[in-house]
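In our numbering, the protein residues as written are 80 to 211.
All C-beta atoms, glycine included, are put in the ideal place defined by N, C-alpha and C.
Written below as structure tokens is the structure these notes are about.
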């Protein structure tokens, strides 16, 4: 089981180390199937991978990159329509990867943005999902 843990300020636990360009869990965590990774570090890793493969993400091609996010969400929606749980999970992961590519490439501190937005939402009344 892998889990993302939000670490403010890019602080990772000591058991997390970089191996072959990807963050890997310690041996103990690997045996237990756990890998903790900050969202900003994950975005940085996606950016590094994309750069090694020779792709470009920048403000100039952002419209295209955003449409690729929309495409992944549409593919997840199609998987849901077909009741294909495995493909649904894969498309949701693709969506996150594309978003992390954008945030990593534009040097957006997405952890701080998420925390700020969650704090803002905490004080808002329910607007859309009346059952929440």
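State the start and end residues of the unbroken alpha helix (DSSP H) segment that holds residue i.
| i | result |
| --- | --- |
| residue 203 | From DSSP, residue 203 is part of no alpha helix (DSSP H); its letter is neither H nor E. |
| residue 118 | 118–132 |
| residue 166 | 164–184 |
| residue 161 | Looking at the DSSP string, residue 161 is not in any alpha helix (DSSP H), and its letter there is neither H nor E. |
Nearest CA to the CA of residue i: which residue from the options?
| i | options | result |
| --- | --- | --- |
| residue 123 | 164, 184 and 206 | 184 |
| residue 127 | 203, 188, 179 and 206 | 179 |
| residue 144 | 155, 207, 129 and 156 | 129 |
| residue 121 | 163, 157, 186 and 202 | 186 |
Would you call the CB atoms of residue i and residue j closer than 8 angstroms?
| i | j | result |
| --- | --- | --- |
| residue 167 | residue 159 | yes |
| residue 181 | residue 135 | no |
| residue 190 | residue 117 | yes |
| residue 188 | residue 140 | no |
The region 189–209 contacting the region 157–173, beta-carbon criterion three pairs below 8 angstroms: They do not touch, by the three-pair rule.
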